[in-house]
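Just below is one structure, and these are the notes that go with it.
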Amino acid sequence: MTDNAAISPAPPNLPGLIWRPIGRDDLAAVVDLARACLRADGGLTWLFVPDVIQTRIFPDTPGAGMGAFDADQRLGACITAHLDKDTSPPRATLAGYVRPDLRRRGLGAYLMRWGQAQAQALFAAAAVDERLLRVATESLTEPAHRLYLAHGFALESEDWIMRRDLGQPLPPTGHPLPEGMTFATWAPETAGQFFQAYHATFRDRPGFPNPSAEQWIDGVNDKDLVPEWTLLVREGAQPLGFVIGSLGDLTVSPPDGYVVQIGVVPAARRRGLASALLAESLRRMQAAGAPWVDLQVYADNPGAIQAYARLGFVTFGRRARYERIAEPNNL
């Protein structure tokens, strides 16, 4: 048992909670805590499986972790701080959870203080003028958002998770393709055309990674791709748009669906192609028995959010990243 008074900064004095360092031996307890937060706050279920949580909470980089356990050895709150690999300037990421029934007791504020103090120690050996702190959350809540802002963090990115219950009927009229256009599914002989559509759709966006065709195709194949759910729309031989459909949570049977990406080349937009692609992919997921389908959309993209809502999607969770400069005297 750890003496709470020996921990710096000192944790809040809440009866029944014992604080101690945590590590990979505590992964099962962290997974249980993370899933309790998922049930309360929403999010992408496949981001809450043990392998993914281990990568997020206990990466193979220098770091530290702290958790609070109750009398039944259930983890009630935790945080880890780890240096990120190969970032310039050096960056540390904080990630953690507070069990829903223990919220509004100051645990989140304490975890933020403790995590930032550990980041200061991790940065101590880095002789640089600028250091960055990042908070990564896969199940953002509004109180957590306010907490991060109060600690000087700025919101860098936010995605909404939207879910469509495939147990409910799809729109009976469907979204037919314009005359002269056809669907094709993912296959070795069509993958290059999918890449053409992807590149034409996104190449002008800021931060476009500009992968080679081989890199992009390999990346798509690594995403639990379902070829029958992954569709290309063509006019003749010209690719105009695509949707990538994959398996979501592999721990449920049958697995749910996940829309990895959807795009339409600029010259073919406003013709209903995105809705037609998505509706057809959803129809195929439903026919395969998928219980639901999830997708992500930028929070600042109201047009896409409205389009997904018309197809029956509802907001199911939020993912976000926050950053701030970490000067030694303001940690």
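Under numbering that gives the first Met the number 0, the sequence shown has 251 at position 252, and the numbering climbs by one with no breaks. For each residue, glycine too, the CB sits at the ideal point set by N, CA and C.
Spatially closest choice to residue i from the options, by CA coordinates
i, options, result
"Pro265", "Arg204, Ala63, Gly107", "Arg204"
"Glu178", "Ala135, Arg233, Arg130, Asp221", "Arg233"
"Trp45", "Thr140, Glu279, Tyr257", "Tyr257"
"Glu168", "Gly22, Pro187, Pro290, Ala33", "The amino acid occupying residue 168 in the given sequence is Pro; Glu does not appear at that position. Nearest C-alpha to Pro168: Pro290."
"Tyr142", "Pro88, Ala212, Leu106, Gly218", "Checking the sequence shown, residue 142 turns out to be Pro, not Tyr. Residue Leu106 is the option with its Cα nearest to Pro142."
"Ser280", "Pro253, Leu231, Gln237, Glu326", "Leu231"
"Phe312", "Ser252, Leu246, Trp159", "Trp159"
"Phe193", "Asp164, Thr229, Pro171", "Thr229"
"Ile52", "Leu154, Asp24, Arg323, Phe68", "Asp24"
"Ala149", "Gln117, Phe68, Met111, Gln119", "Met111"
"Gly240", "Ala267, Asn209, Ile56, Met65", "Ala267"
"Glu322", "Ala94, Gly62, Ala27", "Ala94"
"Ala286", "Ala298, Gly166, Met161", "Gly166"
"Ala303", "Val292, Arg269, Arg320", "Arg269"
"Gly244", "Thr250, Gly271, Arg282", "Arg282"
"Ala33", "Pro20, Leu13, Glu213, Arg55", "Arg55"
"Leu43", "Ala273, Gly271, Leu246", "Leu246"
"Thr79", "Asp100, Ile21, Gln72", "Ile21"
Simplified DSSP state of residue i, which is helix, strand or coil
i, result
"Gln115", "helix"
"Thr1", "Because the pLDDT of Thr1 is 47, which lies under 50, any placement of that residue in the model is unreliable, and the number read from its coordinates should be weighed accordingly. Thr1: coil per DSSP, three-state reduction."
"Leu330", "Unreliable positioning characterises Leu330 in this predicted model, as indicated by a pLDDT of 47, which lies under 50. A coordinate reading is not provided."
"Arg320", "strand"
"Gly107", "helix"
"Ile304", "helix"
"Phe315", "strand"
"Thr200", "helix"
"Phe207", "coil"
"Trp215", "helix"
"Trp291", "strand"
"Leu310", "coil"
"Asp100", "helix"
"Arg130", "coil"
"Glu157", "strand"
"His81", "strand"
"Ser274", "helix"
"Phe152", "coil"
"Gly95", "strand"
"Leu146", "helix"
Nearest-angstrom beta carbon gap, residue j and residue i [assumed within contact, 8 Å]
i, j, result
"Arg145", "Arg90", "Going by Cβ atoms, the distance from Arg145 to Arg90 rounds to 23 Å, so no, they are not a contact pair."
"Leu16", "Asp50", "Not really, about 28 Å apart at Cβ, beyond 8 Å."
"Cys36", "Ser138", "5 Å"
"Leu121", "Ile324", "Not a contact, Cβ separation roughly 15 Å."
"Ala212", "Gly191", "6 Å"
Cβ of residue i within 7 Å of any chain B Cβ
i, result
"Pro8", "Here there is only one protein chain, and chain B is not present."
Between the segment 67-85 and the segment 310-321, can you find at least three pairs of beta-carbon atoms closer than 8 Å? no
For the segment 7-69, list the alpha helix (DSSP H) runs that are entirely contained and at least 4 residues long, ordered along the chain. 26-40, 49-56
Kindly confirm or deny that the segment 269-283 and the segment 202-219 touch, where touching means at least three C-beta pairs closer than 8 Å. no
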